[in-house]
Amino acid sequence: MSAPLFRWVVAAPLELSRLLTEQGLGSALKEGRVFVDGKRASAEQALPRGAEVQVFAPRPRASIQILSEGDGVFAVHKPASLPTEPDKSGADCVLSQLARELRVEPQGLFAVSRLDVGVSGVLLVTLGAGSRERVLAERSAGRLRRRYVALGNGVPSPAEGRWAEALGNAGRGRRGVEGKDAQRAESEYRVVATARPVTVGGPRSALLALTPLTGRTHQLRVHAAAHGAPLLGDRKYGGPPRMTSPDGAVQTFAQILLHAAWVEWGEPPRRLRAASEPVAELCDAWVALGGDIADIQRALD
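The opening position of the sequence shown corresponds to residue 591 in my numbering, with each subsequent residue numbered one higher.
Here it is, written out as structure tokens:
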């Protein structure tokens with residue numbers, strides 16, 4: 591999580607709106623970027639002595655794309671920089687943008703799964719209690735399946751299988767294998783192809799097809815790192831932030847190279863699929879590492 595842009599401890603009681611107006615930060619309150627004692631602030635809030643006020647920087651604007659819709663279920667493409675739900679960088683998120691598109695209240699929308707900030711791809715959002723319960727029942731019955739494509743710094747062994755380490759709290763916003771209050775977590779993986787190392791002398795890179803069977807926070811990222819293939823761009827879990835080409839040129843990764851490519855749900859003969867084309871950042875990095883662009887398509891199969 592990013593550090594606050596501004597921080598104050600209130601010396602004497604005053605109105606929050608007055609403090610922000612005096613500092614030229616009135617828009618931050620409307621955007622949901624102001625927190626008092628760790629909780630999102632409201633416009634009418636009064637500040638007691640000793641209250642801690644934090645204002646976080648806005649996130650660069652990115653927009654969702656509605657991929658499909660039907661029976662109250664929306665498949666949405668999430669840009670990597672956009673959170674699924676509001677965070678400390680503001681209220682702008684997948685749910686708020688979709689609510690504006692549909693002209694409904696955000697409280698009526700539910701994200702069936704969540705994609706981390708830094709991860710791109712397709713996610714399902716339901717509108718109304720009926721569609722929510724219907725899709726959650728699909729998930730509980732194992733009929734909701736998701737495919738992710740990722741680039742790893744290292745090649746897991748064997749080349750195909752299932753990761754089943756339980757995941758828990760590892761502190762400082764991280765998850766870890768067998769961490770505190772660990773919960774069952776399972777992921778299927780397949781090494782689709784390998785390419786040159788990200789840095790000279792490093793391990794070979796791997797194009798991975800990943801299918802989470804459970805939905806724990808950071809699950810695919812932690813499992814991949816635990817098996818010797820931290821994802822490119824995933825600094826939190828040991829992934830390299832950049833790559834160096836044989837001629838010495840350096841390329842910094844703009845996102846975690848993990849993309850939710852498709853999701854399937856429903857029962858035959860009405861089984862549905864929504865897909866989001868792998869983003870240019872992932873495809874370009876794979877080609878720069880010497881991989882074949884056709885490998886990306888094989889990862890989707």
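All C-beta atoms in this analysis are idealised placements derived from N, C-alpha and C, irrespective of residue type, glycine included. All values reported here derive from a predicted model rather than from experimental measurement.
### Task
Reducing DSSP to helix, strand and coil, say where MET591 ends up.
As a position in the sequence shown, residue 591 is number 1, starting the count at 1. For MET591, the pLDDT reaches just 47, beneath the cut-off of 50, and the residue's location in the model is therefore unreliable, although a value from the coordinates is still provided. Under the three-state reduction of DSSP output, MET591 falls in the coil class, being neither helix nor strand.
### Buried or exposed (CB count within 10 angstroms, at least 16 for buried), GLY761
Walking along the sequence shown from the start, residue 761 turns up at place 171. Flag for GLY761 reads exposed.
#### Entry: Near the ligand ATP: ALA618 beta-carbon under 8 Å from a heavy atom
Of the ligands one can find in the structure shown there are none, so the ligand ATP has no counterpart to examine.
#### Entry: Start-to-end residues for the alpha helix (DSSP H) that takes in ARG724
Counting from 1 along the sequence shown, the entry for residue 724 is found at position 134. First-last of the alpha helix (DSSP H) with ARG724: 719-730.
### Task
Pick helix, strand or coil for ARG825, following the three-state DSSP scheme.
The residue labelled residue 825 in the question sits at position 235 within the sequence shown. ARG825 falls in the helix class under three-state DSSP.
### Message
For ASP661 and SER721, what's the separation of their Cα atoms in angstroms?
### Response
On the sequence shown, residue 661 is found 71 positions in, with the first residue counted as 1. On the sequence shown, residue 721 is found 131 positions in, with the first residue counted as 1. Just so you know, the alpha carbons of ASP661 and SER721 end up roughly 7 Å apart.
### Query
How would you call VAL782, buried or exposed, if buried means at least 16 neighbouring beta carbons within 10 angstroms?
For the purposes of this step, residue 782 is taken as residue 192 along the sequence shown, with counting starting at 1. Burial of VAL782 is indicated by the presence of at least 16 other C-beta atoms within 10 angstroms of its C-beta.
### Helix, strand or coil at LEU699 according to DSSP, with G and I counted as helix
Translated into the one-based positions of the sequence shown, residue 699 becomes position 109. DSSP places LEU699 in the strand class (E or B) of the three-state scheme.
### Task
Answer yes if the stretch 851-864 comes into contact with the stretch 812-825, meaning at least three C-beta pairs across the two stretches below 8 Å, and no otherwise.
These segments do not touch.
### Query
At which residues does the alpha helix (DSSP H) containing ALA889 begin and terminate?
Residue numbering aside, residue 889 sits at position 299 when the sequence shown is read from its first letter. Where ALA889 is concerned, the enclosing alpha helix (DSSP H) starts and stops at 884-890.
### Message
Considering only their Cβ atoms, is the gap separating VAL707 from ALA889 smaller than 9 Å?
### Response
The residue you call residue 889 lines up with position 299 of the sequence shown. The residue you call residue 707 lines up with position 117 of the sequence shown. Cβ atoms of ALA889 and VAL707: not closer than 9 Å.
### Message
What would DSSP say about VAL709, mapped onto helix, strand or coil?
### Response
The sequence position of residue 709 within the sequence shown is 119, counting from 1. Reduced to three states, the DSSP call for VAL709 is coil.
### Query
Rounded to the nearest angstrom, how far is the Cβ of ARG651 from that of PRO603, given a contact under 8 Å?
Here the question's residue 651 lines up with position 61 in the sequence shown. Here the question's residue 603 lines up with position 13 in the sequence shown. The beta carbons of ARG651 and PRO603 sit about 36 Å from each other, so the pair does not count as a contact at 8 Å.
### Message
Looking at ALA796: is its Cβ nearer than 9 Å to the Cβ of ALA785?
### Response
As a working mapping, residue 796 is identified with position 206 in the sequence shown. As a working mapping, residue 785 is identified with position 195 in the sequence shown. Result yes, Cβ atoms of ALA796 and ALA785 sit closer than 9 Å.
### Message
Three or more C-beta pairs under 8 Å: does that hold for the stretch 741-748 against the stretch 806-819?
### Response
Yes, they touch.
### Query
Taking C-beta to C-beta, are GLU605 and GLN635 nearer than 9 Å?
Within the sequence shown, the letter at position 15 stands for residue 605. Within the sequence shown, the letter at position 45 stands for residue 635. It is a contact, given that the beta carbons lie within the stated cut-off.
### Task
Report the residue from PRO673, ILE654, GLN809 and SER671 whose alpha carbon sits nearest the alpha carbon of ALA754.
Here residue 754 refers to the residue found at position 164 when the sequence shown is read from its first residue. Nearest of PRO673, ILE654, GLN809 and SER671 to ALA754, Cα basis: GLN809.
### Query
With distances taken between CB atoms, is the gap from LEU699 to LEU685 smaller than 9 Å?
Working through the sequence shown from its first residue, we reach residue 699 at position 109. Working through the sequence shown from its first residue, we reach residue 685 at position 95. By the CB criterion at 9 Å, LEU699 and LEU685 fall inside the cutoff.
### Neighbourhood of PRO669 by C-beta distance below 8 Å, restricted to the same chain and skipping five residues each side
For the purposes of this step, residue 669 is taken as the residue at position 79 of the sequence shown. Around PRO669: ALA652, SER653, ILE654 and SER710.
### Query
Would you call the CB atoms of ARG735 and ALA850 closer than 9 Å?
Residue 735 sits at position 145 when you count from the first residue of the sequence shown. Residue 850 sits at position 260 when you count from the first residue of the sequence shown. In this structure, ALA850 does not lie closer than 9 Å to ARG735 by Cβ.
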